[in-house]
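Numbering (the UniProt record's numbering), first residue to last: 1 to 313. Down below is the structure, laid out as structure tokens.
Set out below in structure tokens:
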């Protein structure tokens, strides 16, 4: 346990995003990630061009969308915001790489721990922020999940401008929900004020963004009037020692006989968030039904609400 705690603390201070080297990734079996209230529409959704990226923020009443379970155990993480990374060409743009491959577009969905009253407080804590990363390829076909946001971009073309969606969209109408099949790791993100420790969940399913859609992002302007040509940070190379996991589809994990083991690192993320000892050998983790059910297609990829998925890395 102390050895794993050392690795956790060390990785939390390593820079991110990273170049995920699949051959170095460790398999991990945890309960499914659960999504709650993701079909509840907010009463207000704001789209902002801050001169660096596009941010999507929403306001709900008492019923807010959140994620739980999976490697997060019973902790609840509330939806915080979404933002995007791109460049002026298809040869670059993403912050994450997979086996050195760069993607033209990346979307980040941020969630904050409900235990902390504000996002500012959550950013100062080791378990305050979860970031989901989605990688995109350019396609002739438009991605319907991005359309509500793309439709607003003309109104926020100038740097530091904002508008509101005419018809606010729920979380499930904007992003592809996943329960498993993602890369999981810890890292830190630096900004001008401080360094934040975050938990990353990088979807293994590569999405598509339409040619016309990404062009509208590329037409957005900075505060100086020039286009936002590139807004992605540099990528950190993944070392042999860095703990990066592939949360496998549950059916695949069980078929391979992958259960929790008292001394196995595969149980560490779950036990760390839950603050409990490791699972007893060969005992299955707790399992709950969630809201993330979608149509099952090949390789257990789920594409609810018309999400366009081209391939898996």
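A virtual CB, placed ideally from N, CA and C, is assigned to each residue, including glycine. These figures come from a predicted structure and were not determined experimentally.
Alpha carbon to alpha carbon, how far is residue j from residue i? Give it in angstroms, no decimals.
| i | j | result |
| --- | --- | --- |
| residue 134 | residue 19 | 14 angstroms |
| residue 121 | residue 81 | 15 angstroms |
| residue 196 | residue 144 | 32 angstroms |
| residue 60 | residue 44 | 7 angstroms |
| residue 215 | residue 179 | 31 angstroms |
| residue 52 | residue 88 | 13 angstroms |
| residue 230 | residue 208 | 19 angstroms |
| residue 129 | residue 123 | 6 angstroms |
| residue 219 | residue 227 | 6 angstroms |
| residue 212 | residue 151 | 11 angstroms |
| residue 277 | residue 206 | Caution is warranted here: a pLDDT of 34 is assigned to residue 277, below 50, making its placement in the model unreliable, and no coordinate value can be reported. |
| residue 68 | residue 192 | 30 angstroms |
| residue 131 | residue 75 | 15 angstroms |
| residue 202 | residue 235 | 14 angstroms |
| residue 247 | residue 224 | 43 angstroms |
| residue 106 | residue 177 | 16 angstroms |
| residue 182 | residue 160 | 33 angstroms |
| residue 239 | residue 24 | 8 angstroms |
| residue 85 | residue 117 | 28 angstroms |
| residue 39 | residue 47 | 19 angstroms |
| residue 15 | residue 210 | 31 angstroms |
| residue 167 | residue 66 | 21 angstroms |
| residue 11 | residue 188 | 8 angstroms |
| residue 184 | residue 103 | 19 angstroms |
| residue 91 | residue 237 | 18 angstroms |
| residue 115 | residue 162 | 30 angstroms |
| residue 155 | residue 142 | 20 angstroms |
| residue 194 | residue 119 | 14 angstroms |
| residue 313 | residue 27 | 15 angstroms |
Taking C-alpha atoms, which residue in the options lies nearest to residue i?
| i | options | result |
| --- | --- | --- |
| residue 70 | 199, 145 and 214 | 199 |
| residue 64 | 77, 55, 54 and 72 | 77 |
| residue 17 | 311, 249, 242 and 312 | 242 |
| residue 169 | 234, 56, 237 and 118 | 56 |
| residue 146 | 25, 193, 54 and 175 | 175 |
| residue 101 | 193, 159 and 22 | 22 |
| residue 127 | 186, 244, 91 and 155 | 186 |
| residue 35 | 50, 73, 83 and 193 | 73 |
| residue 222 | 157, 239, 234 and 162 | 157 |
| residue 13 | 154, 125, 312 and 201 | 125 |
| residue 83 | 164, 184 and 49 | 49 |
| residue 93 | 137, 239 and 26 | 137 |
| residue 311 | 40, 238, 139 and 167 | 139 |
| residue 153 | 244, 217, 237 and 245 | 217 |
| residue 42 | 188, 194 and 79 | 79 |
| residue 204 | 249, 163 and 58 | 249 |
| residue 190 | 26, 149, 313 and 232 | 232 |
| residue 54 | 194, 164 and 237 | 164 |
| residue 37 | 26, 27 and 62 | 62 |
| residue 58 | 245, 244, 155 and 149 | 149 |
Following the continuous alpha helix (DSSP H) through residue i, name the residue where it begins and the one where it ends.
| i | result |
| --- | --- |
| residue 214 | 211-218 |
| residue 123 | 119-123 |
Which first and last residues belong to the beta strand (DSSP E) in which residue i is found?
| i | result |
| --- | --- |
| residue 59 | 54-59 |
| residue 338 | For residue 338 there is no data in the structure shown, the boundaries of the chain being 1 and 313. |
| residue 202 | 195-203 |
| residue 49 | 44-49 |
| residue 81 | 77-86 |
| residue 246 | 244-247 |
| residue 187 | 182-190 |
| residue 20 | 18-20 |
| residue 27 | 26-28 |
| residue 36 | 33-36 |
| residue 110 | 105-113 |
Using a beta-carbon distance below 8 angstroms, is residue i in contact with chain C?
| i | result |
| --- | --- |
| residue 203 | As a matter of chain content, chain C is missing from the structure shown, which is built from one protein chain. |
Looking at the ligand MN, does it come within less than 7 angstroms of residue i, judged from the CB to the closest heavy atom?
| i | result |
| --- | --- |
| residue 169 | Absence of the ligand MN is noted for the structure shown, with no ligands found whatsoever. |
In chain order, each beta strand (DSSP E) run of at least 3 residues that lies wholly inside the stretch 133-171: As far as the stretch 133-171 is concerned, its whole beta strand (DSSP E) runs of at least 3 residues are 161-164.
Within 8 angstroms, do at least three Cβ pairs link the stretch 98-117 to the stretch 26-39? Here the stretch 26-39 makes no contact with the stretch 98-117; the two share fewer than three CB pairs at distances below 8 angstroms.
Meets three-Cβ-pair contact criterion under 8 angstroms: the stretch 97-106 and the stretch 154-174: When C-beta atoms of the stretch 97-106 are compared with those of the stretch 154-174, fewer than three pairs fall below 8 angstroms, so the two segments do not count as touching.
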